[in-house]
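**Q** Sending over a structure as structure tokens; questions will come in a sec.
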Amino acid sequence: MLDSSSSLHYQEYDSDFDDSQQEIKIADDISMFTAAEDAPDEDIIRHGHLPTAQEVEIINNFMKKMDIKCSAEWKDYKSQYCLLNESYDIERKRIYKEIVSTLGKIQEVDARVDKVKFEFQAKMDTKYQELHENLIEQCKQVIHEAKEQKAYQLRQANEIKIQLNEKVRLNVGGSIFETSLSTLCRDSKSLLAVMFSGRHELSVESDGSYFIDRDPTHFRLVLNYLRDLRISPVILQDDTVREELLHEARYYCIEGLVNLLLHQA
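So, in structure tokens, the structure goes:
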């Protein structure tokens, strides 16, 4: 499709062609120099004739001086001029139409490129929106799972805390001792901690106690150490008690109590 400026240019070209045909008729029976002198300025420029009045006068004076007479008349070259002029105009029209056609094709290509760019941008925007929404959903899912995991861990910790604070009834050699699970598990490598770790099945007495076949004489001191991680200096000064307690500490595999008693020996 041609724009308005291209159409106006084409109309001006047709007008120039009509004017040139009229000028050919007027120039009949006129000499070459006379035809050039009488031609309008725009026609001279269009056909490549650029002589001025002064240049024509110089040429005429030179011809008179040299006694040169020109017998050629305009009508002798009229037919050739018309053919050349017609061929020129036909070729110019052809080139012009080709240019216009090429411009039209370029405009069509530009339109297709703009359409493709618009469609591509629309697809990119849609894809970006989808990815954006998916990313938000994934973030929400991760946050939700993290909250669920944290809540689960908190519940587990509370359950463990409750279990550790749970009272445990022990029957050591016929004597009953009550303590908490956390106290018994204070030394994770001790025999008591292993017994109540949940990895071993323990038999429960009818009164709900757990029986340990051991002399209960110094078990109170063992529990006190697990509660406070210390032993009374009075106990440590008694060599007999210290030796008996050391024997019990080794049996229950309470390494901290063993080291403490050996250090005081």
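Number 1702 in my numbering belongs to position 247 of the sequence shown; there are no gaps in the numbering.
Cβ atoms here follow ideal geometry from the backbone N, Cα and C, with glycine treated the same way.
Please read all numbers here as calculations on a predicted model, not as lab measurements.
(1) Kindly give me the distance between the Cβ atoms of S1645 and I1709, rounded to whole angstroms, as I take these residues to be in contact under 8 Å.
(2) Specify, as a first and last residue, the run of the alpha helix (DSSP H) that N1637 falls within.
(3) Could you name the residues of the same chain whose beta carbon sits closer than 7 Å to that of Q1719, not counting the 5 residues immediately before and after it, in chain order?
(4) Short of 7 Å in beta carbon distance, which residues of its chain neighbour D1522, apart from the five on each side in sequence? Order them along the chain.
(5) Counting C-beta neighbours from all protein chains within 10 Å, is the total for V1568 16 or more, i.e. buried, or is it exposed?
(6) Do you know offhand how far K1480's Cα is from Y1543's?
(7) In chain order, which beta strand (DSSP E) runs of at least 3 residues are fully inside the region 1631-1679?
(8) Alpha carbon to alpha carbon, what distance is there between V1649 and S1643?
(9) Just the C-alpha distance for Y1536 and I1545, rounded to the nearest angstrom, thanks.
(10) DSSP on L1717, reduced to helix/strand/coil?
(11) Run through DSSP, which three-state label would L1625 get?
(12) Which term fits F1674, buried or exposed, when burial requires 16 or more other beta carbons within 10 angstroms of its beta carbon?
(13) Taking the straight line between their C-alpha atoms, what separation do you get for N1515 and A1508?
(14) Can you tell which of V1627, M1518, D1694 has its C-alpha closest to the C-alpha of Y1707?
(15) For the candidate residues D1580, L1639, I1631, C1640, whose alpha-carbon lies nearest to that of D1662?
(16) Taking the alpha carbon of T1638 as the reference point, which residue from A1601, D1683, Y1607 has its own alpha carbon closest?
(17) Just reading off the alpha helix (DSSP H) that R1697 is part of, what are its end residues?
(18) What residues in its chain sit with their C-beta under 8 Å from that of L1678, if we drop five residues either side in the sequence?
(19) Just the Cα atoms here: how many angstroms apart are D1531 and V1555?
(20) Nearest to N1659 by CA position, among G1629, Y1680, R1624, R1641, is which residue?
(21) Measure the beta-carbon distance from L1701 to I1686 and round it to whole angstroms, keeping in mind my assumption that it falls under 8 Å.
**A** The answer reads as follows:
(1) Within the sequence shown, the letter at position 190 stands for residue 1645. Within the sequence shown, the letter at position 254 stands for residue 1709. At roughly 5 Å, the Cβ-Cβ gap stays under 8 Å, so S1645 and I1709 are in contact.
(2) Position 182 of the sequence shown, counted from the first residue, corresponds to residue 1637. Correcting the residue identity first, residue 1637 is Ser in this sequence and not Asn. Segment 1636-1639, the alpha helix (DSSP H) holding S1637.
(3) Within the sequence shown, residue 1719 is the residue found at index 264, counting from 1. So the qualifying residues of the chain are L1691, R1697.
(4) Taking the first residue of the sequence shown as position 1, residue 1522 is located at position 67. Cβ neighbours of D1522 beyond the five flanking positions: none.
(5) By 1-based counting over the sequence shown, the position of residue 1568 is 113. Classification of V1568: exposed, given that the 10 Å Cβ count is below 16.
(6) The sequence position of residue 1480 within the sequence shown is 25, counting from 1. The sequence position of residue 1543 within the sequence shown is 88, counting from 1. Per-residue confidence for K1480 stands at a pLDDT of 47, beneath the threshold of 50, marking its modelled position as unreliable; the derived number appears in the next sentence. Near 18 Å, if we compare the C-alpha coordinates of Y1543 and K1480.
(7) 1665-1667
(8) As a first step, residue 1643 is located in the sequence shown; it is residue number 188 there, counting from the start. As a first step, residue 1649 is located in the sequence shown; it is residue number 194 there, counting from the start. C-alpha separation (whole angstroms): 7 Å.
(9) Against the sequence shown, residue 1536 aligns to sequence position 81. Against the sequence shown, residue 1545 aligns to sequence position 90. Roughly 14 Å separates the two Cα atoms.
(10) Numbered from its first residue, the sequence shown carries residue 1717 at position 262. It is helical.
(11) Residue 1625 sits at position 170 when you count from the first residue of the sequence shown. It is a strand residue.
(12) Reading the sequence shown from its first residue, position 219 is the one you call residue 1674. Buried: at least 16 other Cβ atoms inside 10 Å.
(13) To locate residue 1515, count along the sequence shown from 1; it is residue 60. To locate residue 1508, count along the sequence shown from 1; it is residue 53. Straight-line Cα distance between these residues: approximately 11 Å.
(14) Against the sequence shown, residue 1707 aligns to sequence position 252. Comparing Cα-Cα distances from Y1707 to each of V1627, M1518, D1694, the minimum goes to V1627.
(15) Within the sequence shown, residue 1662 is the residue found at index 207, counting from 1. Considering only alpha carbons, the answer is I1631.
(16) Your numbering for residue 1638 matches position 183 in the sequence shown. Checked all of A1601, D1683, Y1607; the closest Cα to T1638 is D1683.
(17) Translated into positions along the sequence shown, residue 1697 becomes position 242. Unbroken alpha helix (DSSP H) run through R1697: 1694-1706.
(18) Residue mapping note: residue 1678 aligns to position 223 of the sequence shown, counting from 1. Excluding residues within five positions, the ones whose Cβ falls inside 8 Å are F1632, T1634, T1638.
(19) Counting from one through the sequence shown, the residue named residue 1531 turns up at place 76. Counting from one through the sequence shown, the residue named residue 1555 turns up at place 100. Taking the straight line joining both Cα atoms gives about 38 Å.
(20) Taking the first residue of the sequence shown as position 1, residue 1659 is located at position 204. What sits at residue 1659 in the sequence shown is Val, not Asn. Measuring from the Cα of V1659, the nearest candidate turns out to be R1624.
(21) Sequence index remark: in the sequence shown, residue 1701 carries index 246 (1-based). Sequence index remark: in the sequence shown, residue 1686 carries index 231 (1-based). Between L1701 and I1686, the beta carbon gap of about 11 Å keeps them out of contact (Cβ cut-off 8 Å).
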